[in-house]
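When you read off a place in the sequence shown, starting at 1, and then add 7, the result is the number in our numbering.
Glycine included, C-beta positions come from ideal geometry on N, C-alpha and C.
Worksheet: the structure to be examined is printed underneath.
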Amino acid sequence: MKKWWISLKDKVWLRPAGYSLLAVLLAAAVGYIDINYGGTVSDLPMIFYTEVELAQAILTALITALLTMTTFTFSTIMVVLTTYASLYSPKTIKNFITDPFTLRVLGIFMGGFIYSTLSMLFMRDSFSDEPVIAGVVGVFIAIMCLVFFAIFIHHVANDIQASRLIERLANDTDDVTDYYFQLMQKPNVSLEHSGENWNVGQTYFQVQAQDYGYVQYIDLDQLAKKAAAHEVKIEVNVPIGEYVHKATPLLTVFVRPERLPEVRDLPLADSFLIGNERDVRQDPVFAIQKMVEVALRAISPGINDPNTANDSIRHIGRLLGNMAQLPVRAILMTDQYGDGIVKVSLPSFRDILYKTFFQLRHYGKEDVSVLTAMLEAIAFAGENAPHQHLTSLRDIAKYVIEKAELEQMPAMDREWINQKLQAVERVTGK
8 MKKWWISLKD KVWLRPAGYS LLAVLLAAAV GYIDINYGGT VSDLPMIFYT
58 EVELAQAILT ALITALLTMT TFTFSTIMVV LTTYASLYSP KTIKNFITDP
108 FTLRVLGIFM GGFIYSTLSM LFMRDSFSDE PVIAGVVGVF IAIMCLVFFA
158 IFIHHVANDI QASRLIERLA NDTDDVTDYY FQLMQKPNVS LEHSGENWNV
208 GQTYFQVQAQ DYGYVQYIDL DQLAKKAAAH EVKIEVNVPI GEYVHKATPL
258 LTVFVRPERL PEVRDLPLAD SFLIGNERDV RQDPVFAIQK MVEVALRAIS
308 PGINDPNTAN DSIRHIGRLL GNMAQLPVRA ILMTDQYGDG IVKVSLPSFR
358 DILYKTFFQL RHYGKEDVSV LTAMLEAIAF AGENAPHQHL TSLRDIAKYV
408 IEKAELEQMP AMDREWINQK LQAVERVTGK
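Right, dumping it as structure tokens:
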């Protein structure tokens, strides 16, 4: 159920469909009142009802206006998506198209159009002399649409800015780390202690993927329930974000020999959500990669905006400091006795550092501002990183400037880079 709901929430049509359904219900309710209680509507203040001819004229005008506004909103969304893809990164498109406010505005316009159309349909010539409330309700909906349209223009003007996008990507990355921090607070979750809370036998079988694509989400709670119910222990073989195909072993299931025939056909692969693109919900590497791609696009010759790249890189440094707090040992979902029944491992901090900087190092090695921004980011990360990760931070700092050809740089550039290197050394203890 959780996997189904997560997959459903990613559908762009869900929120507009919800507002459209509300519009259908509202039109049905208003039509019912006009048809069955038209005679008593006149008891209300005159501002709340109109004659049928005026209501039809209002709704006709609203149908045209709301359809135009919906078309304009859709066109604006497409322009923003094109801007995101060309200036920042194609992977950032999802951040705008799934934005709740954007979908809410689109849904309100669609709902207003549907309400106006259905209200016209529900009007009958037989009660043309009786007052109706459909036209007044349509006016209120039009005013609400106009307010949301103005807010939408302001929202788009802000969201299209690079700084706002970087902030949203950073918040997504914070959400990933917070997910794992909250996971570790659960009473049935602990870290692996070899030989103590993770003991497995020699009998096992592997569960292969049922589809090909990227591992987007793993329902660890569902795996733990199945493991406890069937007395097995499950080890997740593939990390979040890994590309898999139908022959990829997703899981290794350890079981007592006598229970092997009984549990071999368990639907354990159903706990994996696999799609055609990566997802940030449980994937810290992909969350950082989206920010890296924004920085790479900014320093490309076609855009040449190193300040945006430096802003993104500095945010990455703060986020790496938070990721350094993630557990090094494997995470275990435990049973009521504290024994591990599901085991999953996170990417090592050293791997995260390398995947963050290897492309930035290659494309930014000739730009002093980008080099110093990377060193600043490493220093930022070192301020929050535990002692066990300081060596990796020192190594990645050396890796960043290894091909920079400092000897050929002007003296002031070398001096500036050396200052940043010294800052890294102070933070990392060397």
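Residue nearest to residue i in terms of C-alpha spacing, selected from the options
i, options, result
"residue 205", "213, 196 and 212", "196"
"residue 94", "300, 186 and 228", "300"
"residue 297", "77, 97, 255 and 83", "97"
"residue 432", "414, 410, 345 and 384", "384"
"residue 237", "254, 260, 219 and 54", "260"
"residue 234", "330, 359, 346 and 209", "346"
"residue 344", "194, 18 and 80", "194"
"residue 262", "31, 121, 268 and 239", "239"
"residue 269", "226, 212 and 308", "212"
"residue 283", "367, 251 and 221", "221"
"residue 373", "417, 396, 403 and 402", "417"
"residue 104", "18, 52 and 57", "18"
"residue 393", "278, 357 and 231", "357"
"residue 178", "367, 319, 280 and 252", "319"
"residue 430", "414, 280 and 404", "404"
Proximal residues to residue i (C-beta, below 7 angstroms), its chain only, five neighbours per side dropped
i, result
"residue 336", "198 and 199"
"residue 317", "376, 377 and 380"
"residue 163", "83 and 87"
"residue 116", "73, 76, 77, 80 and 152"
"residue 55", "140 and 143"
DSSP state of residue i mapped onto helix, strand, coil
i, result
"residue 77", "helix"
"residue 89", "helix"
"residue 381", "helix"
"residue 18", "coil"
"residue 282", "strand"
"residue 70", "helix"
"residue 405", "helix"
"residue 340", "strand"
"residue 350", "strand"
"residue 7", "Given that the chain is displayed from residue 8 to residue 437, the structure contains no residue 7 and the question cannot be resolved."
"residue 333", "coil"
"residue 210", "coil"
"residue 239", "coil"
"residue 255", "coil"
"residue 296", "helix"
"residue 320", "helix"
"residue 395", "helix"
"residue 119", "helix"
"residue 133", "Per-residue confidence for residue 133 stands at a pLDDT of 47, beneath the threshold of 50, marking its modelled position as unreliable; the derived number appears in the next sentence. Reduced to three states, the DSSP call for residue 133 is helix."
"residue 309", "coil"
"residue 220", "strand"
"residue 247", "coil"
Classification of residue i by the beta-carbon crowding that lies within 10 angstroms, buried from 16 upward
i, result
"residue 340", "buried"
"residue 217", "exposed"
"residue 210", "exposed"
"residue 303", "buried"
"residue 242", "buried"
"residue 410", "exposed"
"residue 308", "exposed"
"residue 123", "buried"
"residue 157", "exposed"
"residue 170", "exposed"
"residue 133", "Unreliable positioning characterises residue 133 in this predicted model, as indicated by a pLDDT of 47, which lies under 50. The coordinate reading is nonetheless provided below. By the 10 Å Cβ count, residue 133 comes out exposed."
Neighbourhood of residue i by C-beta, 8 angstroms cutoff - its chain only, sequence neighbours within 5 removed
i, result
"residue 172", "91, 95, 99, 102, 166 and 301"
"residue 127", "63, 66, 67 and 70"
"residue 295", "180, 323, 326, 327, 330, 359, 362 and 363"
"residue 265", "none"
"residue 272", "none"
"residue 423", "375 and 379"
Cutoff 9 angstroms: residue i Cβ touching any chain B Cβ
i, result
"residue 394", "Of the chains in the structure shown, none is chain B; there is only one protein chain."
Neighbourhood of residue i by C-beta, 6 angstroms cutoff - its chain only, sequence neighbours within 5 removed
i, result
"residue 187", "333"
"residue 389", "400, 434 and 435"
"residue 275", "214 and 258"
"residue 249", "222"
"residue 278", "226, 229 and 230"
"residue 338", "351"
Proximity test, residue i beta-carbon vs the ligand ATP heavy atom, cut-off 8 angstroms
i, result
"residue 79", "Of the ligands one can find in the structure shown there are none, so the ligand ATP has no counterpart to examine."
Sub-9 angstroms separation of residue i and residue j beta-carbons
i, j, result
"residue 214", "residue 257", "yes"
"residue 428", "residue 382", "yes"
"residue 247", "residue 219", "no"
"residue 125", "residue 38", "yes"
"residue 34", "residue 129", "yes"
"residue 119", "residue 148", "yes"
"residue 146", "residue 227", "no"
"residue 289", "residue 407", "no"
"residue 41", "residue 140", "yes"
"residue 113", "residue 52", "no"
"residue 28", "residue 142", "no"
"residue 190", "residue 349", "no"
"residue 387", "residue 321", "yes"
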